[in-house]
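Undergrad: Okay, handing you the structure first.
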Ligand code: ADP
Ligand code: MG
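Numbering (this note's numbering), first residue to last: 1 to 250.
Written as C-alpha cells, this is what we have:
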C-alpha cells in the first residue's frame, strides 16, 4: 500500500562500478534515518576494502565484524557499534578476509535477525557483481543503485539492475555527483539516465566537496552541514520513510 512503511526494511546499496558513492550514501542516508528517530544498522560488506567505519568515524570502536557474528564468536548486539553522536546509528563492520562461515544463507539469517531489532538494515556493497555483491543481496527487501552521469557508470548500473530484477520488487536509482547548477536543468539527462539504467529515481545528490571532507574527518555529513549533499541525503531518508519530497529538491 502506498505510503505505508513496513516494520523493518533491509536495503542493498550497490552500483556495479566502483567509486560511485555507495559508502558515502550508506553513511549519509543511514545517519539521516537515525537522526529522524529510527534504529539503523549499516553493514559494511566490502570485505578487505572496508571503509564505512572511516566514513562514520567508528574505526577504533568497531572491533568485531560480521564474521564474528556469523561464526558465533560475538552476539550481533555487541558487534554492532553505536555512533557516539547519533543515537540509533550502528555499524557492523567488514572483516579483512572471508571465512567458511560466510555463506548467502548465513548472511541472510543475520539480516533477518538484524531486522528484529533495527528499523533499517543498509548493506554497503563492494564494487562489481561478484561474491561480495551476492552476499550483500541475501535477504534484502529493496535495492538502491548509486550511479553518476558517466555512461560507463550507467551501463554498470544497468547490469546491476539485470542481476537484481528477478529478486527485488523495489529497485531505485540514485544519481550522485550531479553539478549543483545543473540540477534544475537536468530533467532531460535524468530521464535519459533513468532510461539507460532502467530504474525509477529515488534521489539526486549534488557534487559537494563536503562529502569528502566530512568522510576524512569521520563526521556524518548531517552533523557538519545543512546544505548540498546533506539535504539530498535527508530527503532520500524521508522518501525511504514514505514521505513525499519533490525529486529535484536536491
Ligand atoms: P563507493 O563506496 O561507491 O566506492 P565512495 O562513497 O567511497 O564510493 O565515494 C568515492 C569518492 O567519491 C569518495 O572520495 C567520496 O568522498 C566521493 N564522493 C561521493 N559522493 C560525492 C558527492 N556527492 N560529492 C563529492 N564527492 C563525492
Ligand atoms: Mg564503498
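A virtual CB, placed ideally from N, CA and C, is assigned to each residue, including glycine.
Are the C-beta of residue 111 and some C-beta of chain C separated by less than 9 Å?
TA: No chain C is part of this structure, which consists of one protein chain only.
Undergrad: Let me know if residue 50 comes out buried or exposed under the rule of 16 or more other beta-carbons within 10 Å of its beta-carbon.
TA: Indexing the chain shown from 1 puts residue 50 at position 50. Buried, because 16 or more other Cβ atoms sit within 10 Å of the Cβ of residue 50.
Undergrad: If we ignore side chains and look at the alpha-carbon of each, how far apart do residue 1 and residue 217 end up?
TA: Numbered from 1 along the chain shown, position 1 holds the residue referred to as residue 1. Numbered from 1 along the chain shown, position 217 holds the residue referred to as residue 217. At residue 1, the pLDDT of 43 sits below 50, so the modelled position is not reliable; the number obtained from the coordinates is stated separately. Rounded to the nearest angstrom, the two C-alpha atoms are 41 Å apart.
Undergrad: What number of angstroms, rounded off, separates the C-alpha of residue 102 from the C-alpha of residue 118?
TA: Translated into the one-based positions of the chain shown, residue 102 becomes position 102. Translated into the one-based positions of the chain shown, residue 118 becomes position 118. Their backbone Cα atoms lie some 21 Å apart in a straight line.
Undergrad: Hey, is residue 47 close to the ligand ADP, as in C-beta under 8 Å from one of its heavy atoms?
TA: Reading the chain shown from its first residue, position 47 is the one you call residue 47. Because no heavy atom of the ligand ADP lies under 8 Å away, the Cβ of residue 47 does not count as near it: no.
Undergrad: At what residues does the beta strand (DSSP E) containing residue 172 begin and finish?
TA: Mapped onto the chain shown, residue 172 falls at position 172. Where residue 172 is concerned, the enclosing beta strand (DSSP E) stretches over 170-178.
Undergrad: By how many angstroms is the C-alpha of residue 83 removed from the C-alpha of residue 203?
TA: As a position in the chain shown, residue 203 is number 203, starting the count at 1. As a position in the chain shown, residue 83 is number 83, starting the count at 1. Each residue's alpha carbon lies about 25 Å from the other.
Undergrad: Mind checking whether residue 164 and residue 145 have CB atoms under 9 Å apart?
TA: Within the chain shown, residue 164 is the residue found at index 164, counting from 1. Within the chain shown, residue 145 is the residue found at index 145, counting from 1. For residue 164 and residue 145, yes; Cβs fall inside 9 Å.
Undergrad: Using DSSP with H/G/I as helix, E/B as strand and the rest coil, what is residue 206?
TA: Here residue 206 refers to the residue found at position 206 of the chain shown. Three-state DSSP puts residue 206 in a strand.
Undergrad: When the Cβ atoms of the region 9-18 are set against those of the region 147-161, are three or more pairs found closer than 8 Å?
TA: At 8 Å Cβ cutoff, the stretches touch.
Undergrad: Determine, using beta-carbon pairs with one atom in the region 229-249 and one in the region 56-73, whether at least three such pairs fall under 8 Å.
TA: Because the criterion of three Cβ pairs below 8 Å is not met, the region 229-249 and the region 56-73 do not touch.
Undergrad: Would residue 10 and residue 140 qualify as a contact pair, given that the criterion is a beta-carbon distance under 9 Å?
TA: The sequence position of residue 10 within the chain shown is 10, counting from 1. The sequence position of residue 140 within the chain shown is 140, counting from 1. The answer is yes: Cβ separation under 9 Å.
Undergrad: Quick check on residue 77: does DSSP put it in helix, strand or coil?
TA: Here residue 77 corresponds to residue number 77 of the chain shown, with the count starting at 1. Helix.
Undergrad: Do the CB positions of residue 222 and residue 62 come within less than 9 Å of each other?
TA: Residue 222 sits at position 222 when you count from the first residue of the chain shown. Residue 62 sits at position 62 when you count from the first residue of the chain shown. It is not a contact, given that the beta carbons lie outside the stated cut-off.
Undergrad: Let me confirm a value: residue 3 is counted as buried when at least 16 other C-beta atoms fall within 10 Å, else exposed. Which label applies?
TA: Indexing the chain shown from 1 puts residue 3 at position 3. Legend: pLDDT at residue 3 = 49, less than 50; position of this residue unreliable, value from coordinates given subsequently. By the 10 Å Cβ count, residue 3 comes out exposed.
Undergrad: Helix, strand or coil, according to DSSP, for residue 82 in the structure here?
TA: Indexing the chain shown from 1 puts residue 82 at position 82. Correct three-state label for residue 82: strand.
Undergrad: Look at the Cβ atom of residue 122, then the Cβ atom of residue 66, and state whether they are nearer than 9 Å.
TA: Walking along the chain shown from the start, residue 122 turns up at place 122. Walking along the chain shown from the start, residue 66 turns up at place 66. For residue 122 and residue 66, no; Cβs fall outside 9 Å.
Undergrad: What is the DSSP secondary structure of residue 137, reduced to helix, strand or coil?
TA: Residue mapping note: residue 137 aligns to position 137 of the chain shown, counting from 1. Three-state result, residue 137: helix.
Undergrad: Would you give the residue range spanned by the beta strand (DSSP E) that residue 53 belongs to?
TA: Taking the chain shown and counting its residues from 1, the one referred to as residue 53 is at position 53. Residue 53 -> not in any beta strand (DSSP E); alpha helix (DSSP H) instead, spanning 52-56.
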